[in-house]
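Chains as they are written, first to last, in the working numbering: chain Z, 9 to 381; chain C, 78 to 700. The beta carbon of each residue, even a glycine, is placed where N, CA and C say it ideally should be. Note that the structure is a prediction, hence the values are computed from the model and not measured. All remarks here apply to the structure that follows.
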Amino acid sequence: MIDRLTEHRSLDNFDLRYVALILAILGIGVLSIYSLTHAQQGVGTPYYLKQLVWIGVGVAAFVVMWVSDYHRLARLAYPAYAVVLLMLAFVLVEGRTSKGAQRWIGLGPYSFQPSEFAKLVLILVLAHYYSKAPRMGWLQRVIVPGLLMLPGLILILKQPDLGSGLSFVAVYAAMLLMVGVRSQALGVILLFSVMLFPFAWEGVWGSLHDYQRQRIMAFVDQDYDPGGKGYHALQSRIAIGSGELTGKGLYGGTQSQLKFLPEGHTDFVFAVYAEEWGFLGVLVLLVLFVALIWLSLEIASKAKDQLGALLAAGIVAMLCFCVVVNIGMTAGMFPIVGIPLPLVSYGGSATIMTMASLGLLLNVKRRRLSLFY
Amino acid sequence: MASGNYQETEFGELHRRLAILRLGLLLVVALLGLRLWHLQVREGPYYRDLSENNRTRLMLLEPARGLIYDRHGVLLANNVPSFSLYVTLEDVKDREALIQRLTDLLGRDPALIRKKLEGRGSKSLPRKIKDRLTLRDATVIESHRLDLPGVMVQVESQRNYPGGMTAAHLLGYVGEISADQLEKPEFSDLHQGSVVGQYGVEKSFDRHVRGQAGQKSVEVDALGHEKKTAVVDKPQAGNDLYLTIDIRLQKVAEELLGEESGAIVALDPTNGDILAMASRPVFDPNVLSRELTPKQWVDIVQDEGRPLNNRASQGQYPPGSTFKVPMAVAVLESNTMSPSNTVYCNGGYQFGKRVYHDWKAGGHGAVDLHTALVHSCDVYFYTVGQRMGIDVMADFGKEFGLGQGTGVELPSERSGIMPSTSWKQQTKNEPWLPGETISAAIGQGYVTVTPLQMASLIGTVANDGVSYRPRLVRAVMDRATGNLQELPAVPRGKIKAKPETFRLIKDALADVVKVGTATKAKSSLVTIGGKTGTAQVAALRTGPEEQVPKKFRDHAWFVAFAPVESPRIAVAVLAEHMGHGGSAAAPLAKEVIETYIKLAPQVPIVISKAAKPEPARRSTEKS
């Protein structure tokens, strides 16, 4: 321990591996976006260049979150949550509309999606709450945190943004699982209900009449599949499946290059990658994600205090949720909900938020020895 | 550590749960991996096929139709490039919106576009919505390509008739295959949007001229925009036809008819080659080969002049006195009368209570067969007709091909009627009346013929009873091999009659022109033999000819051959409602014959090899 004390300020092996994994996944993302959009002669900056800019901003966010003290960050949780709620409310009134949903706040040529940041702030809020509040009864363990989450959730669903809403619930559920509920039984049930939610959704969905579905979809999810449910999911399955073992090669993805696959650079970037690099490429990406999550879990379990552990667990849970649901939906295992693949999908807010979260994780690891100085 | 047991256990609990999360993560990732392995490795080939189907559209390449030339290699039908509009339904997301867009852009009836889109056929095969787009429309569509998914403009060859309305009935026209035609076995290799001959030689020789469609596979994006093209199968152009007609003679014949309704058929009696076949009124095959609006179509079909009717092969008229030619053969061959036997004509023929009049009030006096033909004495033929009876007449008429189609290669040829007792029993279920024999003897009553039948008939007489099936195509040029295949003349047999019979009749027919009813056909260039005819349209007429409404006036007939000594051309002229054959029809026949003799003065006629068709075709296709 004394030995490690002396080198706590410099980057160690662990940090390097951690950063290398993040960069590798980011690289795959940029490559896929580049492959898909290099030939597009649109106005303005190409998507892959824009994504590189977002990654640049993301690196800054990563470093900031890494070097600041997470205890101090946690103390800012409630004010930050208040700001986020205000922004979410603002989005509903003044936000930029795209594909039928109001999600973005315009900042000159850029737009910014508060719901992405709301997820990270929610992690901070819940971690802060659990580490401070006395947690005796179920009221304080389950209901109060639920009430904390609720205004954000309602505002997000109101946009409507089903994907972000689900992530929001997932973060809450993950926190409950980690510390909120004592009974492991309840925990398991909750875990399953989150994981099985899409299937349950499908079951309920299947029993509805067409017009009911349309009404519900018109409310909940306006951006996917305007031409008819199933087209999007099918094109995504075709893209992935047709990649076969070794893929069609860079620029070779006909499904995505010829625009059969909509949203190829954002939520469906995994299908683009799978089409061009095949099952082998997919294995590489899965291994990278598993390794990154593994290291993150490592950090969570070695955190020096409750707050750190909770923060780390929340971030890991969110990361897991997004990766699993995104890949699951592109592979046709879940219904399509708008959840981007962390670090790979194009998108400023999501990329910056994810990198900030990972910075915070490394922060937790960095501070795990701080007791000793 | 110092923060008490509760926190401590809580912390330990957290570690346990993180371990569970780790396990759960591995499990879920393994599930994802399995799913992806299933998609990509096990079902990969299936999805690979789906993605290929997604991006490739098979398009049919319409073949260029074979060209059509006249007997000397003058181009009558070729192809010009034109723009066609295609829509692939699979790529269309919102059909109604597309119909609206196209209506706005092209100014076209939305119902027509909808009908085309809703017709049966594959969703992935592009279907033709409109052809002969103007350059402006094609440009408009092309410039809106990006917001018109599934819409394509293709350059195709479009049938063109450089001569306009010349020989329109004979050439016919082309059109998109109809739903009914698609059901037929002969069109089994065609599909919606294919162009087939719908009339004339275009229809009857469609198999030769049509060619073979090719295919290309086109890589398209999700909006149906073409990205790359690979030709799989080149289309095979149709074979070229060399017709028997001489377009110069054809034009003269058409000009002779002018604005009047009628038909002129000229053929070579020695082989059946149709040299000219004119019918008036006429249609424009360039217009009909285009896609017509329902209103345009109704206008053409309901036109009182019935321009779509080829009067030469589809018009059925009483032959009038021209029927006396086969009657004369019947008289001699059935031994009803000898050539020198005479009948006294006083201008009328009493039968029962009714008197059948001669055209000449007062009559012709004593007439033998020769005089009866030269002056077209009706009473003579009433008499011989009555003696031989309708069934003998019918036998000889049928020998000359009356009452049956000639077998010319034109769609919907009519057969005319050669009545007999059994015919009447069968069709009308009534017994034959003796009086009807008398009308039939001068080509009235039930007897009807087509101008083509009469041209063939007079040609057979000129050729001493040897007849050939009238034909329109003398050679087919195979595009694949480059071989010019000459089609042989088709003999139809010989009429069983003494040579003397034909000699006598031809003498009489020559005198018809020299001194008889057709002196207006007399030519200084060539000897002509012929027979006039005047076919009654309305049975009862009052007042002088000029006061009769035109539609009730008689049809004028003239059938002729020349030169009398060694006939090379046989002509039938029918001028509707123009009155007497001698005055209205005979001069036209003379013009046709003189033109032909001037055009082909040699004996026998040398059929010039089609003058180098290859270069001609190239130049026309490029134009």
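Within the same chain, no Cβ atom closer than 7 angstroms to the Cβ of C:Asp171 is found once the five residues on either side in sequence are excluded. Contact between Z:Tyr55 and Z:Tyr281 fails: their C-beta atoms lie close to 15 angstroms from each other, not under 8 angstroms. Using a Cβ-Cβ cut-off of 8 angstroms, Z:Lys267 counts as an interface residue toward chain C, since at least one Cβ of chain C sits closer than that to its own. With fewer than three CB-CB distances shorter than 8 angstroms, the stretch 478–490 of chain C does not count as touching the stretch 406–418 of chain C. Per the Cβ contact rule, the stretch 170–188 of chain Z is in contact with the stretch 123–132 of chain Z (3 or more Cβ pairs under 8 angstroms). Boundaries of the alpha helix (DSSP H) around C:Thr537: Pro528 to Ala539. Put simply, of Z:Leu351, Z:Ala97 and Z:Phe329 the residue whose alpha carbon is nearest the alpha carbon of Z:Phe342 is Z:Phe329. Taking a Cβ-Cβ cut-off of 7 angstroms, Z:Cys330 has no neighbours in chain C, whose nearest Cβ is about 13 angstroms from it.
Nearest to C:Gly542 by C-alpha distance, out of C:Val625, C:Lys573, C:Asp631 and C:Leu162, is C:Lys573.
The DSSP-derived three-state label of Z:Gly160 is helix. Residue pairing for Z:Cys330: DSSP places it in no beta bridge. For C:Leu189, the enclosing alpha helix (DSSP H) covers residues Pro187 to Glu195. With a threshold of 8 angstroms between beta carbons, C:Glu120 makes contact with chain Z. Taking C-beta atoms under 8 angstroms as the contact rule, C:Ile670 and C:Ala639 qualify, at a distance of about 5 angstroms. C:Glu336 and C:Val329 have their C-alpha atoms spaced approximately 13 angstroms apart. Remark: C-beta atoms of Z:Gly261 and C:Tyr123 do not approach each other more closely than 8 angstroms. Neighbours of C:Trp114 in chain Z, taken as residues at a C-beta separation under 7 angstroms, are given in chain order as Phe287.
DSSP places C:Ala471 in the helix class (H, G or I) of the three-state scheme. The C-beta of Z:Arg149 comes no closer than 8 angstroms to any C-beta of chain C.
The three-state reading of DSSP puts C:Asp168 in helix, counting H, G and I together. CA-CA distance, C:Val342 to C:Ala389, rounds to 7 angstroms. Cβ neighbours of C:Ser516 within its own chain (closer than 7 angstroms, five residues either side excluded): Gly522. In this structure, the straight-line span from the alpha carbon of C:Gly656 to that of C:Ala663 is close to 12 angstroms.
In chain order, Leu109 make up the part of chain C whose C-beta sits under 7 angstroms from the C-beta of Z:Gly336. Contacts with chain C at 8 angstroms (Cβ-Cβ) include Z:Met341. Here C:Arg236 is bridged, per DSSP, to C:Asn156.
Residue-level contact by beta carbon holds for C:Gln117 and chain Z, with a gap shorter than 8 angstroms. Of the other Cβ atoms in all chains shown, 16 or more fall within 10 Å of the Cβ of C:Thr611; this residue is therefore buried. Taking 8 angstroms as the CB threshold, C:Lys304 lines the interface with chain Z. Boundaries for C:Leu210: no alpha helix (DSSP H) harbours it, while the beta strand (DSSP E) harbouring it runs Arg204 to Leu210, taken from the DSSP string.
C:Ser366 is positioned such that its CB atom lies closer than 8 angstroms to that of C:Gly252. If you draw a straight line from the Cα of C:Asn386 to the Cα of C:His221, it comes to about 43 angstroms. As summarised for the stretch 260–311 of chain C, the continuous beta strand (DSSP E) elements at least 3 residues long and confined to that stretch are 272–274, 291–297 and 303–310, given in chain order. Exposure of C:Phe629 is indicated by the presence of fewer than 16 other C-beta atoms within 10 angstroms of its C-beta. Under the criterion of beta carbons closer than 8 angstroms, C:Ser492 and C:Gly482 qualify as touching, at roughly 5 angstroms. When C-alpha distances from C:Leu127 are compared across Z:Gly35, Z:Phe268 and Z:His46, the shortest belongs to Z:Phe268.
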